[in-house]
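In UniProt numbering, the protein residues as written are 1 to 674.
Virtual Cβ for every residue (Gly too), placed ideally from N, Cα, C.
Accompanying notes for the structure given below.
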């Protein structure tokens with residue numbers, strides 16, 4: 001059985017093309033396509049050939065395809081041909097008696113029971129952390145970063161229902177999706193003549209969109225005929241569709257500037273429409289976060305190839321192209337593996353992926369599962385594996401002629417296509433005949449929020465004694481300095497506690513560190529110019545980490561480092577109540593080594609959460625933390641710091657101002673002279 005869906009990619013003046021299919025001694029002709037510009041699909045789509053073939057696969061004759069078009073009123077001309085030799089994947093096993101008869105791919109607006117998923121009972125509400133979870137953090141970006149491998153969700157509310165399905169490759173490369181060619185496959189047609197030399201891939205003149213199904217005919221008299229495939233086909237007429245393209249981010253981009261970076265921006269083209277402005281570039285990065293949504297209308301399959309291009313913004317045009325990828329929208333619309341909108345798979349508002357609620361409830365393609373596409377362009381191949389040249393997502397950047405058609409570089413010189421980076425994105429397709437869809441998903445990048453960290457250094461205990469006085473007694477002139485990681489210009493230090501002979505010191509000194517924080521990524525955003533001649537600021541993202549150092553002040557030589565304490569604000573080790581319970585963390589576990597600091601009564605307390613603190617939720621913490629020094633044998637306890645940490649938003653900090661050190665306004669809390 002043959003599904004002859006249509007022809008794609010024919011260029012030039014082609015009149016009434018029709019396909020000749022020959023299998024062994026049998027052959028058939030499709031009806032001609034009257035006008036390729038208005039409908040490139042065949043008027044009739046399903047044909048049947050009956051042929052006795054050997055059971056052994058290697059003896060089965062191949063299927064030969066020939067594409068003809070009308071050269072004039074009386075003769076036809078052969079445009080292209082192809083041979084399909086491996087027919088094993090098209091064989092269908094004999095149906096079982098209890099098997100449900102009928103097959104095919106449901107079209108738009110039709111569903112097969114049990115095929116698109118199942119209904120699940122309502123999922124329980126996410127469990128709230130004991131310290132609370134801010135509602136504003138549960139946006140799309142929070143779920144995105146909680147779903148990728150290098151950003152595990154923090155807090156216990158992050159269940160599978162709150163996560164997105166993110167594929168690390170093109171959808172065509174996902175094994176269970178069958179290359180998105182379950183409805184019909186693309187068979188390239190080449191010019192007639194001798195076969196090309198090994199290793200060369202000539203440019204096809206077009207492609208045949210179709211599929212074959214081979215199944216045995218019952219030999220017993222009176223037996224029921226084998227069930228026919230392709231019974232429920234989608235409409236073969238072109239469909240007007242609303243297409244929403246979501247570009248999340250790109251990474252591993254090839255640099256285009258002398259600094260080793262790029263200023264990338266996105267351009268989306270579908271048919272004759274092109275969207276994307278060069279002013280919306282991300283400066284000085286190879287891993288830009290775009291968060292852009294482009295909305296276009298297209299007639300599929302007349303406008304089926306969506307092209308996504310990443311370009312490097314230059315002060316003087318033209319901009320350099322970093323790479324591009326092409327997405328076949330028709331395959332996604334016809335495949336049964338497409339995501340559906342309307343009937344949710346889980347009854348909860350934060351469920352995404354297959355069955356995502358979308359306003360009007362379209363059975364067209366949709367869903368928030370993101371995929372990673374490979375960008376390709378001109379360059380030197382990094383690996384010997386260049387990939388499949390027919391890959392729809394790996395379409396290379398080739399030269400174009402004045403008419404916009406893809407050109408070839410000749411037999412002796414061909415452009416080298418190699419990966420230029422990756423882009424994470426997804427596409428929603430809504431047939432317009434089904435009515436307007438719901439609002440688009442908001443993936444605008446979250447802006448960094450202003451915060452202020454206030455750290456009060458109260459006391460130091462048991463620090464190392466680095467000097468010897470005139471009486472031969474060991475002593476230290478102790479002071480503490482601190483800053484946030486990535487912001488060394490905010491370095492602050494306390495006054496000096498002179499001549500401490502027991503390693504103790506009192507300070508009552510306040511550090512104030514303003515910074516910007518990306519809640520979804522749990523990283524600090526730092527904007528700075530890399531060089532004096534840089535035109536744009538570079539965005540750096542670092543974990544919110546407070547670094548404190550204890551020093552011994554010396555007048556005639558360099559100061560001696562006595563201890564270091566690093567506190568990550570999103571995973572803050574729980575402090576000890578007293579210096580006696582404050583101990584050095586043995587080993588490399590993230591938070592379990594800090595438990596020995598806690599009183600045993602705390603450890604025995606029922607329901608105590610022993611996980612680290614998130615200061616962005618807890619907002620305040622006070623206690624004793626250990627300072628350590630790295631030696632050959634490992635970390636050594638070199639002192640203890642009594643701190644109080646308070647985290648405020650920029651607005652709260654403006655409403656409750658405080659001074660640095662013991663300066664005015666000296667409140668929240670008031671710090672007396674020690």
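Self-check item: Validate contact between the stretch 640 to 654 and the stretch 455 to 469 using beta carbons, cut 8 Å, 3 pairs
Solution: Result yes; three or more Cβ-Cβ pairs closer than 8 Å.
Quiz item: With distances taken from CA atoms, which of 22, 484, 432 is nearest residue 239?
Solution: Stepping through the chain shown from its first residue, residue 239 is reached at position 239. The shortest C-alpha separation from residue 239 is found at 432.
Practice problem: Would you list the residues sitting across from residue 419 in a DSSP beta bridge? | Solution: Start at 1 with the first residue of the chain shown, and residue 419 comes out as number 419. Answer is 376.
Quiz prompt | Of the residues 516, 547, 585, the one placed nearest residue 650, counting alpha carbons only | solution = Counted from its first residue, the chain shown places residue 650 at position 650. Distances from the CA of residue 650 to each of 516, 547, 585 were compared; the closest alpha carbon is that of 516.
Practice problem: Could you say which of 480, 539, 541, 435 lies nearest to residue 548 if we only look at CA atoms? | Solution: Residue numbering aside, residue 548 sits at position 548 when the chain shown is read from its first letter. With respect to the C-alpha of residue 548, the residue from 480, 539, 541, 435 having the closest C-alpha is 480.
Quiz prompt | Local Cβ density within 10 Å of residue 264, reported as buried at 16 or more and exposed below that | solution = Taking the first residue of the chain shown as position 1, residue 264 is located at position 264. With 16 or more Cβ atoms within 10 Å of its Cβ, residue 264 is classed as buried.
Practice problem: Just the C-alpha distance for residue 253 and residue 421, rounded to the nearest angstrom, thanks. | Solution: Here residue 253 refers to the residue found at position 253 of the chain shown. Here residue 421 refers to the residue found at position 421 of the chain shown. Distance between the alpha carbons of residue 253 and residue 421: 4 Å.
Quiz prompt | Cβ distance (whole Å) where residue 459 is taken to contact residue 671 below 8 Å | solution = Position 459 of the chain shown holds residue 459. Position 671 of the chain shown holds residue 671. Incorrect: roughly 12 Å between the Cβ atoms, too far for contact.
Practice problem: Report yes if the C-beta distance between residue 675 and residue 31 is below 8 Å; otherwise report no. | Solution: Because the chain spans 1 through 674 in this model, residue 675 falls outside it and cannot be assessed.
Quiz item: In whole angstroms, what is the alpha-carbon distance linking residue 664 and residue 658?
Solution: Residue mapping note: residue 664 aligns to position 664 of the chain shown, counting from 1. Residue mapping note: residue 658 aligns to position 658 of the chain shown, counting from 1. One C-alpha to the other measures close to 7 Å.
Quiz prompt | Reduced DSSP category for residue 466 - H, G, I as helix; E, B as strand; rest coil | solution = The sequence position of residue 466 within the chain shown is 466, counting from 1. In this structure, residue 466 counts as coil in the three-state DSSP scheme.
Quiz prompt | residue 669 versus 51, 454, 441, residue with shortest Cα-Cα distance | solution = As a first step, residue 669 is located in the chain shown; it is residue number 669 there, counting from the start. Closest option to residue 669, Cα to Cα, is 454.
Exercise. Check whether the Cβ atoms of residue 214 and residue 91 sit closer than 8 Å, and answer yes or no.
Key: As a working mapping, residue 214 is identified with position 214 in the chain shown. As a working mapping, residue 91 is identified with position 91 in the chain shown. Taking 8 Å as the Cβ cut-off, residue 214 and residue 91 qualify as a contacting pair.
Self-check item: Cβ distance (whole Å) where residue 298 is taken to contact residue 270 below 8 Å
Solution: Sequence index remark: in the chain shown, residue 298 carries index 298 (1-based). Sequence index remark: in the chain shown, residue 270 carries index 270 (1-based). Contact check for residue 298 and residue 270: beta-carbon distance about 5 Å, within the 8 Å limit, so the pair qualifies.
Quiz prompt | Among 550, 336, 303, nearest to residue 272 - alpha-carbon criterion | solution = Indexing the chain shown from 1 puts residue 272 at position 272. It is 303 whose Cα lies nearest to the Cα of residue 272.
Quiz item: Assuming residue 39 and residue 4 make a contact with CB atoms under 8 Å, what is their CB distance in whole Å?
Solution: Start at 1 with the first residue of the chain shown, and residue 39 comes out as number 39. Start at 1 with the first residue of the chain shown, and residue 4 comes out as number 4. At roughly 14 Å, the Cβ-Cβ gap does not stay under 8 Å, so residue 39 and residue 4 are not in contact.
Quiz item: Where DSSP assigns a beta bridge to residue 273, which residues make up the other side?
Solution: The sequence position of residue 273 within the chain shown is 273, counting from 1. Residue 273 pairs with 270.
Practice problem: Can you tell me the Cβ-Cβ gap for residue 499 and residue 485, rounded? I've got them flagged as a contact below 8 Å. | Solution: What you label residue 499 is simply residue 499 of the chain shown in a count that begins at 1. What you label residue 485 is simply residue 485 of the chain shown in a count that begins at 1. Rounded, the Cβ-Cβ distance is 32 Å, inconsistent with contact.
Quiz item: If you draw a straight line from the C-alpha of residue 656 to the C-alpha of residue 569, how long is it?
Solution: For the purposes of this step, residue 656 is taken as the residue at position 656 of the chain shown. For the purposes of this step, residue 569 is taken as the residue at position 569 of the chain shown. Distance between the alpha carbons of residue 656 and residue 569 is about 21 Å.
Quiz prompt | Residue nearest to residue 584 in terms of C-alpha spacing, selected from 626, 566, 611 | solution = Translated into positions along the chain shown, residue 584 becomes position 584. Measuring from the Cα of residue 584, the nearest candidate turns out to be 626.
Practice problem: Tell me residue 426's beta-bridge partners as DSSP assigns them. | Solution: Walking along the chain shown from the start, residue 426 turns up at place 426. Bridge partners of residue 426: 246.
Self-check item: Residue interval of the beta strand (DSSP E) (run including residue 498)
Solution: In the chain shown, residue 498 corresponds to position 498, counting from 1. Counting along the chain, the beta strand (DSSP E) containing residue 498 begins and ends at 497 to 500.
Self-check item: For residue 40, three-class secondary structure by DSSP
Solution: The residue labelled residue 40 in the question sits at position 40 within the chain shown. Residue state, collapsed to three classes: coil.
Exercise. Identify every run of the beta strand (DSSP E) within the stretch 259 to 318, keeping only runs that are complete inside it and at least 3 residues long; order them along the chain.
Key: 264 to 270, 273 to 275, 289 to 300, 305 to 312
Quiz item: Taking the alpha helix (DSSP H) that residue 141 falls in, what are its first and last residues?
Solution: By 1-based counting over the chain shown, the position of residue 141 is 141. Secondary structure note for residue 141: its alpha helix (DSSP H) is the uninterrupted segment 140 to 147.
Quiz item: Is DSSP giving residue 93 helix, strand or coil here?
Solution: For this step, residue 93 is matched to residue 93 along the chain shown. In the structure shown, residue 93 falls within a coil segment according to DSSP collapsed to helix, strand and coil.
Quiz item: Is DSSP giving residue 580 helix, strand or coil here?
Solution: Position 580 of the chain shown, counting from 1, holds the residue named residue 580. Here residue 580 sits in helix by DSSP.
Quiz item: Rounded to a whole number of angstroms, what is the C-alpha to C-alpha distance between residue 457 and residue 423?
Solution: As a working mapping, residue 457 is identified with position 457 in the chain shown. As a working mapping, residue 423 is identified with position 423 in the chain shown. Rounded to whole angstroms, residue 457 to residue 423 spans 46 Å at the Cα level.
Quiz item: Where do the ends of the alpha helix (DSSP H) carrying residue 678 lie?
Solution: Residue 678 cannot be examined here, being either before or after the span of the chain that is shown, 1 to 674.
Quiz item: Which stretch, first to last residue, makes up the alpha helix (DSSP H) that contains residue 616?
Solution: Against the chain shown, residue 616 aligns to sequence position 616. Note, residue 616: alpha helix (DSSP H), 615 to 618.
Quiz item: By DSSP, does residue 175 sit in helix, in strand, or in coil?
Solution: Start at 1 with the first residue of the chain shown, and residue 175 comes out as number 175. Helix.
Practice problem: Taking residue 574 as part of the alpha helix (DSSP H), name the residues at either end of that continuous run. | Solution: Here residue 574 is taken as the residue at index 574 of the chain shown, counted from 1. Where residue 574 is concerned, there is no enclosing alpha helix (DSSP H), given that its DSSP letter is neither H nor E.
Practice problem: On the DSSP bridge assignment, give the partners of residue 328 in chain order. | Solution: By 1-based counting over the chain shown, the position of residue 328 is 328. Answer is 305.
Practice problem: Return the residue from the list 635, 337, 519, 582 that minimises the CA-CA distance to residue 182. | Solution: Residue 182 sits at position 182 when you count from the first residue of the chain shown. Nearest C-alpha to residue 182: 337.
Quiz item: What are the boundary residues of the beta strand (DSSP E) that residue 516 is part of?
Solution: In the chain shown, counting from the first residue as 1, residue 516 sits at position 516. It spans 505 to 518 - the beta strand (DSSP E) in which residue 516 sits, taken as one unbroken run.
Quiz item: Apart from the five residues just before and just after residue 679, which ones in its own chain have a Cβ nearer than 8 Å to its Cβ?
Solution: There is no way to answer for residue 679, as the model of the chain reaches only from 1 to 674.
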